[in-house]
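Novice: Protein chains in written order, with full-length UniProt numbering: chain E, 1 to 334; chain R, 1 to 328.
From the three backbone atoms N, C-alpha and C, an ideal C-beta is built for every residue, glycine too.
This structure is a prediction, so every number in the text was calculated from the model and none was measured.
Once you've had a glance at the structure underneath, I'll fire off some questions.
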Amino acid sequence: MKSYVLKRLLIMVPVLIGMTIIVFSIIHAIPGDPAETILGQKATEQSKEALREQLGLNNPWYQQYFTYMGELLKGDLGQSIRTKVPIAQEILPYLAATAELTFAAMLFAVFFGVNAGIISAWRQNSWFDYICMLVALIGVSMPIFWLGLMEQWVFSLKLHWLPSGGRMNQRDPVEAITNLYLLDSMLAGRFDQFWTVVKHIVLPSIALGTIPMAIIARMTRSSMLEVMNSDFIRTAKAKGLSQFIVVYKHALKNAAIPVLTVIGLQTGALLGGAVLTETIFAWPGVGRYIYEAISFRDYPVIQSGILMIAFVFVVINLVVDLLYAAVDPRIRYR
Amino acid sequence: MIQPVLQVQNLHTCFFTDRGEVPAVDGVSLMVNPGEVLGIVGESGCGKSVTSLSVLKLIPEPPGKITGGSILFKGRDLVPLKEREMRSIRGDSISMIFQEPMTSLNPLFTVGDQIGEAVRLHRGLRRKEARRHTVEMLRKVGIPRPEAVLDEYPHQLSGGMRQRVMIAMAISCNPELLIADEPTTALDVTIQAQILDLIRRLNEENGTAVMLITHDLGVVAEMCHRVVVMYAGKVVEEGAVCDIFKNPLHPYTQGLIQSVPRMNEQRSRLFSIPGNVPVLYADMKGCRFADRCPSAMSLCLERLPELREYGAAHSCRCWIHETQEDAV
Numbered sequence: 001m002k003s004y005v006l007k008r009l010l011i012m013v014p015v016l017i018g019m020t021i022i023v024f025s026i027i028h029a030i031p032g033d034p035a036e037t038i039l040g041q042k043a044t045e046q047s048k049e050a051l052r053e054q055l056g057l058n059n060p061w062y063q064q065y066f067t068y069m070g071e072l073l074k075g076d077l078g079q080s081i082r083t084k085v086p087i088a089q090e091i092l093p094y095l096a097a098t099a100e101l102t103f104a105a106m107l108f109a110v111f112f113g114v115n116a117g118i119i120s121a122w123r124q125n126s127w128f129d130y131i132c133m134l135v136a137l138i139g140v141s142m143p144i145f146w147l148g149l150m151e152q153w154v155f156s157l158k159l160h161w162l163p164s165g166g167r168m169n170q171r172d173p174v175e176a177i178t179n180l181y182l183l184d185s186m187l188a189g190r191f192d193q194f195w196t197v198v199k200h201i202v203l204p205s206i207a208l209g210t211i212p213m214a215i216i217a218r219m220t221r222s223s224m225l226e227v228m229n230s231d232f233i234r235t236a237k238a239k240g241l242s243q244f245i246v247v248y249k250h251a252l253k254n255a256a257i258p259v260l261t262v263i264g265l266q267t268g269a270l271l272g273g274a275v276l277t278e279t280i281f282a283w284p285g286v287g288r289y290i291y292e293a294i295s296f297r298d299y300p301v302i303q304s305g306i307l308m309i310a311f312v313f314v315v316i317n318l319v320v321d322l323l324y325a326a327v328d329p330r331i332r333y334r
Numbered sequence: 001m002i003q004p005v006l007q008v009q010n011l012h013t014c015f016f017t018d019r020g021e022v023p024a025v026d027g028v029s030l031m032v033n034p035g036e037v038l039g040i041v042g043e044s045g046c047g048k049s050v051t052s053l054s055v056l057k058l059i060p061e062p063p064g065k066i067t068g069g070s071i072l073f074k075g076r077d078l079v080p081l082k083e084r085e086m087r088s089i090r091g092d093s094i095s096m097i098f099q100e101p102m103t104s105l106n107p108l109f110t111v112g113d114q115i116g117e118a119v120r121l122h123r124g125l126r127r128k129e130a131r132r133h134t135v136e137m138l139r140k141v142g143i144p145r146p147e148a149v150l151d152e153y154p155h156q157l158s159g160g161m162r163q164r165v166m167i168a169m170a171i172s173c174n175p176e177l178l179i180a181d182e183p184t185t186a187l188d189v190t191i192q193a194q195i196l197d198l199i200r201r202l203n204e205e206n207g208t209a210v211m212l213i214t215h216d217l218g219v220v221a222e223m224c225h226r227v228v229v230m231y232a233g234k235v236v237e238e239g240a241v242c243d244i245f246k247n248p249l250h251p252y253t254q255g256l257i258q259s260v261p262r263m264n265e266q267r268s269r270l271f272s273i274p275g276n277v278p279v280l281y282a283d284m285k286g287c288r289f290a291d292r293c294p295s296a297m298s299l300c301l302e303r304l305p306e307l308r309e310y311g312a313a314h315s316c317r318c319w320i321h322e323t324q325e326d327a328v
């Protein structure tokens, strides 16, 4: 297992380097003069040239890349053109907000998706199965913005059960430590705040988690159906084990690999920021942050955003691969 | 009279498919006495495996269903039992070994975990005790260095070792009846002999009754006390091993015996019974072997013969003998 983890970590290095090269090239391929973007169209040629010299834009591209990499390794993502604040500092709360929402949405999606898939497979062609798969089909095809608006209309506007947007009550802000409000409110010992944060996160996580839930349910069902016909399931039954243990112990572990893959991919997609959900629920996440940067042509922010999303995917792939190995000894010992 | 361990009476197991009802087991009766090894032989698709799975009520339902008959285990009928009661019998007093050791063990759990599961369930042993018991079982089935194998996964073992693990699992609760469904089919010949040896030893030492399902007459001759020959869901001949081999009555049994390759005979081609086991459907007429039978008569196509006794505990389902007897 140790050597597997080590090997897997080493593979990450070239992937990460390749990723920075691609992101760097994309930004360089964008037409237009960065100096002009920063100083505005009315700037004199002289001041633009001075800025280019200051930013090192006159250096050859490989030198620029190494400078960029050097800064990146120090944790410096550059400065936002719009706000003049270092991006590394500015992006953190947004990342935390997105991470928290993703966590809640995936918790919802995995719990309901996996269980619905298992029970559907277990009771194949039953009413439960038909209803689950119908709901899953509707879930996959539902536009997020519509679902979000309906949720707000029903649960906030009509029933007044849950707030319609934001992460927290503005008048009673959470003391930011990690910027993960669920955690911060607990750390501060403010359980009343924790409860308020939970109430805020329910609607957006359902809106965001519905599509992944439907995909996970369908994947779990098909994977379980395949496993349930295996010889070792018959062996498990012949031992006298209860159906519950046969399904949740013997079958589920064998069905887990494709399900884990889907969960990983969906988590990555959500962590990249869900612009629609974040906009509808006024959620200050990465999606909205990048979206605003795009509308202002704030290139350093866009670049950092792309880099972050790519990095998140690489890390999630790593986690999924390690989970594969934890589940299946044949991967571990290879 | 001794009470048989297992007495199957007029068992009917059907599969309900899109193309109609398939009577895979059609009125089968057989019994296994204490300490006996009963062989069930026949080609693929004869209903041997379905019979054995029916005994444990492991027929996938739907599409399968036991539609009639009784399965008396030590005098108690298993057919009407609820799933819950059946579970307390499976793996405890009746256990089963399957054909494919490669796929019959769960690849994601250690050998120790899979064997220990049964004793922990049926005997209520704790983890540690189960572990000790499992080591003992592994030693009993002849696995070298059992303490190490305990923590290994099935993919780290050879086919023969896996089948030994399957057997260890099956005997871990000291069953009264062991059903072995083609236990050696997927193994090398040398390993086959070892596994058969092991099963016989368990039978002799523990007095475990064995129901051995196979298509290999060599295995039957080696292992069994009595044989049931099945064809197309029906018992066609039944008797003691020596009677069956010396004096096979049914043309199907005769064909099977002739199909065994022999070392002491020069033959250019091996003998085979022409044709295949027929596709079964509900209202079949006549003897099911008729279209492959070398001695078929017109009567065979119209009416199904009864299973009748010819001599001590030797019965056969064939018109030839009935008509001969009538003539006498």
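Does the Cβ of proline 210 (chain R) have 16 or more other Cβ atoms within 10 Å, making it buried, or fewer, making it exposed?
Specialist: The question names proline, yet the displayed sequence has valine at residue 210 (chain R). Buried, since its Cβ has 16 or more Cβ neighbours within 10 Å.
Novice: Please confirm whether lysine 65 (chain R) has its beta-carbon closer than 8 angstroms to some beta-carbon of chain E.
Specialist: By this cut-off, lysine 65 (chain R) is not an interface position.
Novice: At which residues does the alpha helix (DSSP H) containing histidine 250 (chain R) begin and terminate?
Specialist: Segment: none, histidine 250 (chain R) is in no alpha helix (DSSP H) and carries neither H nor E.
Novice: Once the 5 residues before and after valine 197 (chain E) are set aside, which same chain residues still bring their CB inside 8 angstroms of it?
Specialist: These residues qualify, in order along the chain: Arg167, Met168, Val174, Tyr181, Leu182 and Ser185.
Novice: State buried or exposed for residue 391 (chain E), treating a residue as buried only when at least 16 other CB atoms are found within 10 Å of its CB.
Specialist: The question about residue 391 (chain E) has no answer, for chain E in this structure spans 1 to 334.
Novice: If you draw a straight line from the C-alpha of valine 141 (chain R) to the C-alpha of leucine 10 (chain E), how long is it?
Specialist: About 44 angstroms.
Novice: To the nearest whole angstrom, what separates the beta carbons of asparagine 10 (chain R) and glycine 69 (chain R), a pair I think is in contact under 8 angstroms?
Specialist: About 4 angstroms; that satisfies the 8 angstroms criterion.
Novice: Out of R:Ala313, R:Arg303 and R:Ala312, which one is the CA nearest neighbour of isoleucine 320 (chain R)?
Specialist: Out of R:Ala313, R:Arg303 and R:Ala312, R:Arg303 has the C-alpha closest to the C-alpha of isoleucine 320 (chain R).
Novice: Nearest by alpha-carbon distance to serine 80 (chain E): which of E:Gly209, E:Phe296, E:Trp283 and E:Thr102 is it?
Specialist: Among E:Gly209, E:Phe296, E:Trp283 and E:Thr102, the Cα nearest to that of serine 80 (chain E) is on E:Phe296.
Novice: Please list the terminal residues of the continuous beta strand (DSSP E) segment that includes alanine 240 (chain R).
Specialist: Run containing alanine 240 (chain R): 234–240, per the beta strand (DSSP E) assignment.
Novice: Does the beta-carbon distance from valine 301 (chain E) to tyrosine 94 (chain E) come in below 8 angstroms?
Specialist: It is not a contact, given that the beta carbons lie outside the stated cut-off.
Novice: Pull up the CB-CB distance for aspartate 298 (chain E) and arginine 8 (chain E), whole angstroms please, since I reckon it's below 8 angstroms.
Specialist: Not really, about 35 angstroms apart at Cβ, beyond 8 angstroms.
Novice: How would you label tryptophan 283 (chain E), buried or exposed, when you count the other beta carbons within 10 angstroms and need 16 or more for buried?
Specialist: The residue in question, tryptophan 283 (chain E), is buried, as its Cβ has 16 or more Cβ neighbours within 10 Å.
Novice: Assign isoleucine 263 (chain E) to one of three DSSP states: helix, strand, or coil.
Specialist: In this structure, isoleucine 263 (chain E) counts as helix in the three-state DSSP scheme.
Novice: If you drop the 5 nearest sequence neighbours on each side, which residues of the same chain put their C-beta closer than 8 angstroms to that of proline 107 (chain R)?
Specialist: Closer than 8 angstroms at the Cβ level, and outside the excluded window around proline 107 (chain R), lie Tyr153, Pro154 and His155.
Novice: Check whether the region 39–49 of chain R and the region 20–30 of chain R are in contact - that is, three or more C-beta pairs closer than 8 angstroms.
Specialist: The region 39–49 of chain R, when compared against the region 20–30 of chain R, does touch it at the 8 angstroms Cβ threshold.
Novice: Between the region 217–248 of chain E and chain R, which residues of the former have a C-beta closer than 9 angstroms to a C-beta of the latter?
Specialist: Within the region 217–248 of chain E, the qualifying residues are Asn229, Ser230, Asp231, Phe232, Ile233, Arg234, Thr235, Ala236, Lys237, Ala238, Lys239, Gly240, Leu241, Ser242, Gln243 and Ile245.
Novice: Quick check on valine 327 (chain E): does DSSP put it in helix, strand or coil?
Specialist: Of the three classes helix, strand and coil, the one that applies to valine 327 (chain E) here is helix, per DSSP.
Novice: Determine whether the Cβ of methionine 167 (chain E) lies closer than 8 angstroms to any Cβ atom of chain R.
Specialist: Here the sequence assigns arginine to residue 167 (chain E), which means methionine is not the residue at that position. No, no contact with chain R.
Novice: Output the distance between the C-alpha atoms of methionine 308 (chain E) and lysine 249 (chain E), rounded to the nearest integer angstrom.
Specialist: Rounded to whole angstroms, methionine 308 (chain E) to lysine 249 (chain E) spans 37 angstroms at the Cα level.
Novice: So, is glutamine 170 (chain E) buried or exposed, given that buried needs 16 or more other C-beta atoms within 10 angstroms?
Specialist: Exposed is the call here.
Novice: What's the C-alpha gap between residue 338 (chain E) and glutamate 292 (chain E)?
Specialist: Nothing about residue 338 (chain E) can be reported from this structure: the residues present for chain E run from 1 to 334 only.
Novice: Please compile the residues from chain R whose C-beta is within a distance smaller than 7 angstroms of the C-beta of arginine 123 (chain E).
Specialist: Within chain R, no residue comes near arginine 123 (chain E); the closest Cβ sits about 12 angstroms away, beyond 7 angstroms.
Novice: Which of helix, strand or coil does DSSP assign to glutamine 79 (chain E)?
Specialist: Here glutamine 79 (chain E) sits in strand by DSSP.
Novice: In whole angstroms, what is the alpha-carbon distance linking arginine 19 (chain R) and glycine 160 (chain R)?
Specialist: The alpha-carbon atoms of arginine 19 (chain R) and glycine 160 (chain R) are separated by roughly 39 angstroms.
Novice: Sorry if obvious, but does the Cβ on isoleucine 2 (chain R) come closer than 7 angstroms to a heavy atom of the ligand FAD?
Specialist: The model depicted lacks the ligand FAD and carries no ligand whatsoever.
Novice: Closer than 8 angstroms by C-beta to valine 328 (chain R): which residues in its own chain qualify, once you throw out the five before and the five after it? Chain order, please.
Specialist: Low confidence applies to valine 328 (chain R): its pLDDT is 47, below 50, so where it sits in the model is not reliable enough to give any reading.
Novice: So, helix, strand or coil for leucine 39 (chain E), using DSSP?
Specialist: In the structure shown, leucine 39 (chain E) sits in a helix (DSSP, three-state: H, G or I).
Novice: Count the other CB atoms within 10 Å of the CB of alanine 313 (chain R); is the residue buried (16 or more) or exposed (fewer)?
Specialist: Exposed, because fewer than 16 other Cβ atoms sit within 10 Å of the Cβ of alanine 313 (chain R).
Novice: For tyrosine 153 (chain R), report the span of its alpha helix (DSSP H) as first-last.
Specialist: Per DSSP, tyrosine 153 (chain R) belongs to no alpha helix (DSSP H) and is neither H nor E.
Novice: Is residue 334 (chain R) helix, strand or coil when you go by DSSP?
Specialist: It is not possible to answer for residue 334 (chain R), since the shown part of chain R is limited to 1 through 328.
Novice: Threshold first: 4 residues or longer. Then list the alpha helix (DSSP H) segments lying entirely within the region 53–105 of chain E, N to C.
Specialist: Counting whole runs of 4 or more residues, the region 53–105 of chain E contains the alpha helix (DSSP H) stretches 61–73.
Novice: Is the distance from the Cβ of isoleucine 211 (chain E) to the Cβ of glycine 117 (chain E) below 8 angstroms?
Specialist: Not closer than 8 angstroms, so no.
Novice: With three or more C-beta pairs closer than 8 angstroms as the rule, is the region 250–262 of chain E touching the region 156–166 of chain E?
Specialist: Flag = no, the region 156–166 of chain E and the region 250–262 of chain E do not touch.
Novice: How many Å lie between threonine 235 (chain E) and valine 235 (chain R) at the Cα?
Specialist: Each residue's alpha carbon lies about 27 angstroms from the other.
Novice: Helix, strand or coil, according to DSSP, for arginine 120 (chain R) in the structure here?
Specialist: It is helical.
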